[in-house]
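What follows is a set of notes on a single structure, which appears directly below.
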Amino acid sequence: MAPNLRPRKISPFLDPGLKTSPNALAIVQLSRDNFLPVYLQEPKGEVDGYAEGAVINTRFGSFPHSTLLNVSWGSQVRASTVDTGSRGRKRKRNPVITEDVQDGGGGADTGEERKSVKKAVVANSGFIHILNPTPELWTTSLPHRTQVVYTPDYSYILHRLGARPGSILIEAGAGSGSFSHASARAVYSGYPDTDPEAYGEDVKLENGTKTSSTQKKRGKVYSFEFNEVRYHKMKKEITDHNLDGIIDLTHRDVYNGGFLVDGKSPEADCVFLDLPAPWDALPHFSRKRPETLPPVMTVENGDGGKNTNQDWISPLNPSRSTHICTFSPCIEQVTRTIDALRKHGWVEIDMVELSHKKINVIRERIGMSIAQEKGSSQAPRDVDEAVARLKEVNAKAHDFHSSGRKGTPRATATANGDEEMDLDEEDELDNGSTTQANENDDTQLADSTPPWLQGRLVHRTESEIKTHTSYLTFAVLPQEWSEAQEQAALETWPVGGKTTKVIGSLGREARKQEKRQLLQGKKNRQREKDQNDTQKKEEIPPV
Ligand SMILES: C[S@@+](CC[C@H](N)C(=O)[O-])C[C@H]1O[C@@H](n2cnc3c(N)ncnc32)[C@H](O)[C@@H]1O
Numbered sequence: 001m002a003p004n005l006r007p008r009k010i011s012p013f014l015d016p017g018l019k020t021s022p023n024a025l026a027i028v029q030l031s032r033d034n035f036l037p038v039y040l041q042e043p044k045g046e047v048d049g050y051a052e053g054a055v056i057n058t059r060f061g062s063f064p065h066s067t068l069l070n071v072s073w074g075s076q077v078r079a080s081t082v083d084t085g086s087r088g089r090k091r092k093r094n095p096v097i098t099e100d101v102q103d104g105g106g107g108a109d110t111g112e113e114r115k116s117v118k119k120a121v122v123a124n125s126g127f128i129h130i131l132n133p134t135p136e137l138w139t140t141s142l143p144h145r146t147q148v149v150y151t152p153d154y155s156y157i158l159h160r161l162g163a164r165p166g167s168i169l170i171e172a173g174a175g176s177g178s179f180s181h182a183s184a185r186a187v188y189s190g191y192p193d194t195d196p197e198a199y200g201e202d203v204k205l206e207n208g209t210k211t212s213s214t215q216k217k218r219g220k221v222y223s224f225e226f227n228e229v230r231y232h233k234m235k236k237e238i239t240d241h242n243l244d245g246i247i248d249l250t251h252r253d254v255y256n257g258g259f260l261v262d263g264k265s266p267e268a269d270c271v272f273l274d275l276p277a278p279w280d281a282l283p284h285f286s287r288k289r290p291e292t293l294p295p296v297m298t299v300e301n302g303d304g305g306k307n308t309n310q311d312w313i314s315p316l317n318p319s320r321s322t323h324i325c326t327f328s329p330c331i332e333q334v335t336r337t338i339d340a341l342r343k344h345g346w347v348e349i350d351m352v353e354l355s356h357k358k359i360n361v362i363r364e365r366i367g368m369s370i371a372q373e374k375g376s377s378q379a380p381r382d383v384d385e386a387v388a389r390l391k392e393v394n395a396k397a398h399d400f401h402s403s404g405r406k407g408t409p410r411a412t413a414t415a416n417g418d419e420e421m422d423l424d425e426e427d428e429l430d431n432g433s434t435t436q437a438n439e440n441d442d443t444q445l446a447d448s449t450p451p452w453l454q455g456r457l458v459h460r461t462e463s464e465i466k467t468h469t470s471y472l473t474f475a476v477l478p479q480e481w482s483e484a485q486e487q488a489a490l491e492t493w494p495v496g497g498k499t500t501k502v503i504g505s506l507g508r509e510a511r512k513q514e515k516r517q518l519l520q521g522k523k524n525r526q527r528e529k530d531q532n533d534t535q536k537k538e539e540i541p542p543v
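In UniProt numbering, the protein residues as written are 1 to 543.
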């Protein structure tokens, strides 16, 4: 029998490939901060009255899915002129079907597919960019079911938790899945049902032999959510995003049910709690049965069964220290959490609040000859340019008055690009005058320098700090350390005895002890000397 290597579709969050593909999630970027998640569909026939198949309608134009498929991630895609065909008529004829396909981009199958699909025709204006899904883009575009953890917070949290490929992370509650997606990417080190040999599973080969176990650990997120509606929505998203096996979602109230899965310990290396009362969940993370729980407590395990805590199973990895982060919006929750953390033996407790600002990096084009457009500023570049422009305007005013005309002179542009004087309303002295000539200057500049290199590179921070999201409380629960482990460590790394002393290798206590001994030796020598001196004095006979 061949090794149990099942081909599987890797989540686009983990490996998006080079191009968009049918039925996969893609993120449509409409403008800088406006993203739309879409499951792209192969055009099979008319959808919602559109002859081109499923269509995304935006204020930047219409985009049939067919134009977004099999293109490289990051591509700019032009809008199309779509054929709405029999859309209006069909709605009247069959309102039930129309309901199903309200969302032109959602792609519900109407069952009224036409065999032929109309080819999309490029429109005159409008475009979008098609981006591969990432946890960051998902956070900004996901359907919000709750408050979510945003990128600045979760990137810091995952770093402090030490989440890395192969880590086991417990998360509660799952909410809208923003943190779940980011943590899944952080811990991912392969799917459970692929490459079992590398992950220490017994693999039967064709000749019937078994490979040896390598005991490599696969990263996984054990996520818990007690709201049933959110649980089901999140479960579907995990499957749609091919994250089954990377995120293991359980429907449970963790305050009562704890964190075991099917009665077994996830052996977590790190924990993230985004719950209203994290202190109620903390007793479940004890390494030994906590005293705060009654001696025997039967708890529902969320899978229809019950666990008793008589034989305490800790959900934590026994061979490593566990890192925790709790996410609470108010300081009262933080102090209560810290109380509970201390009570349950957590150490290195600290609290952090992130206040982030975006830094916009842009090329700023300044000068009187710059056309008015985004990122440009029509101000004199320097004093010379300002003086030259004033001289130009004065000369034109002089010419105008000497010609005997009345009114206020205004610089306008002729078709050939030269400026000439014109009459205008008295009060309208043109000082901006975006002229054809100026645009020509700019075109010349643009000809010689690529647009992305024009202007001065500047960065500006946002003036406002983003409003408070939450306080992050971190702590560590040390690994349990037995006498036998201490003995084994001493044998591997002997301390004291005949070992050679290395400068700087002594601990604080040892250094103190060494100083005390030196001091004592000095005192002893001084005492001996004093005694000798006294003796000598006594031996000298009086004169
Ligand atoms: C603020 S949301 C979490 C958002 C999530 N971290 C994200 O980034 O999308 C808090 C979630 O905790 C869940 N929750 C509250 N108490 C719970 C409990 N005792 N057990 C499990 N989940 C709980 C709520 O249903 C809610 O969905």
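Quick reminder that beta carbons are idealized off the backbone N, C-alpha and C, glycines included.
1. From A268 to D244, what does the alpha carbon distance come to, in whole angstroms?
2. Between R460 and the rest of its own chain, which residues show a CB-CB distance below 6 Å, the 5 nearest in sequence each way excluded?
3. At which residues does the beta strand (DSSP E) containing A26 begin and terminate?
4. Once the 5 residues before and after G162 are set aside, which same chain residues still bring their CB inside 8 Å of it?
5. Kindly indicate which residue of S319, K357, L142 has the alpha-carbon position closest to the one of Q485.
6. Within a Cβ cutoff of 6 Å, which residues of the same chain sit near R287, ignoring the five residues on either side of it in sequence?
7. What residue from K220, S183, E171 has the CA that sits closest to P278's CA?
8. Taking all protein chains shown into account, decide if G17 is buried (16 or more other Cβ within 10 angstroms of its Cβ) or exposed.
9. May I have the straight-line CA-CA distance separating K19 from I27, to the nearest angstrom?
10. Please report the straight-line C-alpha distance between residue 549 and H159, rounded to a whole angstrom.
11. Look at the alpha carbon of P283 and the alpha carbon of R289, and state the distance between them as a whole number of angstroms.
12. Using 10 angstroms around the beta-carbon of T534, count the other beta-carbons present and answer buried if the total reaches 16, otherwise exposed.
13. Measure the CB-CB distance between M368 and E385 and report whether it falls below 7 Å.
14. For chain C, is any of its Cβ atoms less than 7 Å away from the one on R160?
15. Near Y231, what residues of its chain come up, given a Cβ to Cβ distance below 8 Å and the 5 sequence neighbours on each side ignored?
16. What does the Cβ neighbour count give for L205, buried or exposed, with the cut at 16 atoms within 10 Å?
17. For A475, report the span of its beta strand (DSSP E) as first-last.
18. Name the one or two DSSP bridge partners that E364 has.
19. How is the beta strand (DSSP E) around N124 delimited, first residue to last?
20. Suppose you measure from the CA of R516 to the CA of N524; what does that come to, to the nearest Å?
21. Leaving out five residues before and five after P192 in sequence, what residues of the same chain have Cβ atoms less than 7 Å from its Cβ?
22. Going by the DSSP bridge assignment, what does V47 pair with across the sheet?
23. Could you have a look at P64 and say whether DSSP puts it in helix, strand or coil?
24. Could you say which of V38, A120, P133, D280 lies nearest to D15 if we only look at CA atoms?
25. Inspect the CB distances between the region 468-482 and the region 324-336 and report whether three or more fall short of 8 Å.
26. Does DSSP put Y255 in a helix, a strand or coil?
27. Please report the Cβ distance between S223 and S180, rounded to the nearest whole angstrom; I am assuming they are in contact, meaning their Cβ atoms lie under 8 Å.
28. In or out: P12 buried (at least 16 other Cβ within 10 Å) or exposed?
29. Cutting at 6 Å between CB atoms, please list the residues of its own chain near H129, excluding the five before and the five after it.
30. Of the residues H65, G49, V47, which one's Cα is nearest the Cα of V38?
31. Label R511 either buried or exposed according to how many other C-beta atoms from any shown protein chain fall within 10 Å of its C-beta, with 16 as the threshold for buried.
32. Note down the Cα distance separating L273 from I10, rounded to an integer number of angstroms.
33. Less than 7 Å between the beta carbons of E348 and V495, yes or no?
34. Excluding the five sequence neighbours on either side, which residues of its own chain have a C-beta within less than 6 Å of the C-beta of A340, listed in chain order?
35. Determine which residues share a DSSP beta bridge with H323 and list them.
36. List the residues that DSSP assigns as beta-bridge partners of I349.
Reading off the structure:
1. The residue given as residue 268 occupies position 268 in the sequence shown. The residue given as residue 244 occupies position 244 in the sequence shown. The straight-line gap from Cα to Cα measures roughly 18 Å.
2. Position 460 of the sequence shown, counted from the start, is the residue given in the question as residue 460. Closer than 6 Å at Cβ, skipping near neighbours: N360.
3. Residue 26 sits at position 26 when you count from the first residue of the sequence shown. Per DSSP, A26 belongs to the beta strand (DSSP E) from 25-31.
4. Here residue 162 refers to the residue found at position 162 when the sequence shown is read from its first residue. Once the five neighbours on either side are set aside, the close Cβ partners of G162 are D269, C270, H323.
5. For this step, residue 485 is matched to residue 485 along the sequence shown. It is S319.
6. Within the sequence shown, the letter at position 287 stands for residue 287. If we look at R287 and ignore the five residues flanking it on each side, its Cβ neighbours are S314, E480.
7. Locating residue 278 in the sequence shown gives position 278, where the first residue counts as 1. Ranked by Cα distance from P278, the options K220, S183, E171 are led by E171.
8. The sequence position of residue 17 within the sequence shown is 17, counting from 1. Exposed.
9. Residue numbering aside, residue 19 sits at position 19 when the sequence shown is read from its first letter. Residue numbering aside, residue 27 sits at position 27 when the sequence shown is read from its first letter. Computed Cα separation, rounded: 13 Å.
10. With the chain represented from 1 up to 543, any question about residue 549 goes unanswered, as that position is not in the structure.
11. Along the sequence shown, one-based indexing puts residue 283 at 283. Along the sequence shown, one-based indexing puts residue 289 at 289. C-alpha separation (whole angstroms): 9 Å.
12. For the purposes of this step, residue 534 is taken as the residue at position 534 of the sequence shown. Per the 10 Å Cβ criterion, exposed.
13. Indexing the sequence shown from 1 puts residue 368 at position 368. Indexing the sequence shown from 1 puts residue 385 at position 385. Their beta carbons are under 7 Å apart, which means M368 touches E385 by this criterion.
14. No chain C is present in this structure, which holds just one protein chain.
15. Mapped onto the sequence shown, residue 231 falls at position 231. Hits under 8 Å: A174, E225, L249, H251.
16. Taking the sequence shown and counting its residues from 1, one reaches residue 205 at position 205. Note that L205 has pLDDT 46, beneath the 50 cutoff, so the model's placement of it is unreliable and the number below is only indicative. Result: exposed.
17. Counting from one through the sequence shown, the residue named residue 475 turns up at place 475. Per DSSP, A475 belongs to the beta strand (DSSP E) from 471-477.
18. For the purposes of this step, residue 364 is identified with residue 364 of the sequence shown, where counting begins at 1. Paired residues: R456.
19. Walking along the sequence shown from the start, residue 124 turns up at place 124. N124 -> beta strand (DSSP E) spans 121-131.
20. Indexing the sequence shown from 1 puts residue 516 at position 516. Indexing the sequence shown from 1 puts residue 524 at position 524. Each residue's CA atom was taken as its position, placing R516 and N524 some 12 Å apart.
21. Position 192 of the sequence shown, counted from the start, is the residue given in the question as residue 192. Closer than 7 Å at the Cβ level, and outside the excluded window around P192, lie R218, G245.
22. To locate residue 47, count along the sequence shown from 1; it is residue 47. DSSP lists Y50 as partners of V47.
23. Along the sequence shown, read from residue 1 onward, the residue named residue 64 stands at position 64. DSSP places P64 in strand when its eight states are reduced to three.
24. Reading the sequence shown from its first residue, position 15 is the one you call residue 15. Taking only the C-alpha atoms, the option nearest D15 is P133.
25. yes
26. By 1-based counting over the sequence shown, the position of residue 255 is 255. In the three-state scheme derived from DSSP, where H, G and I count as helix and E and B as strand, Y255 is classed as helix.
27. Indexing the sequence shown from 1 puts residue 223 at position 223. Indexing the sequence shown from 1 puts residue 180 at position 180. Yes, S223 and S180 are in contact; Cβ-Cβ is about 5 Å, under 8 Å.
28. Translated into the one-based positions of the sequence shown, residue 12 becomes position 12. Per the 10 Å Cβ criterion, buried.
29. Translated into positions along the sequence shown, residue 129 becomes position 129. So the list reads Q29, Q76, once near-sequence residues are dropped.
30. Translated into the one-based positions of the sequence shown, residue 38 becomes position 38. Per the C-alpha coordinates, the member of H65, G49, V47 positioned closest to V38 is H65.
31. As a first step, residue 511 is located in the sequence shown; it is residue number 511 there, counting from the start. Result: exposed.
32. As a working note, residue 273 is residue 273 in the sequence shown. As a working note, residue 10 is residue 10 in the sequence shown. L273 and I10: Cα-Cα distance of roughly 28 Å.
33. Within the sequence shown, numbered from 1, the residue matching residue 348 stands at position 348. Within the sequence shown, numbered from 1, the residue matching residue 495 stands at position 495. One thing to note: E348 has its Cβ no nearer than 7 Å to the Cβ of V495.
34. As a working note, residue 340 is residue 340 in the sequence shown. The residues are W279, L282.
35. On the sequence shown, residue 323 is found 323 positions in, with the first residue counted as 1. Looking at the DSSP assignment, H323 forms a beta bridge with C270, V476.
36. Along the sequence shown, one-based indexing puts residue 349 at 349. Paired residue(s): none; I349 is not in a bridge.
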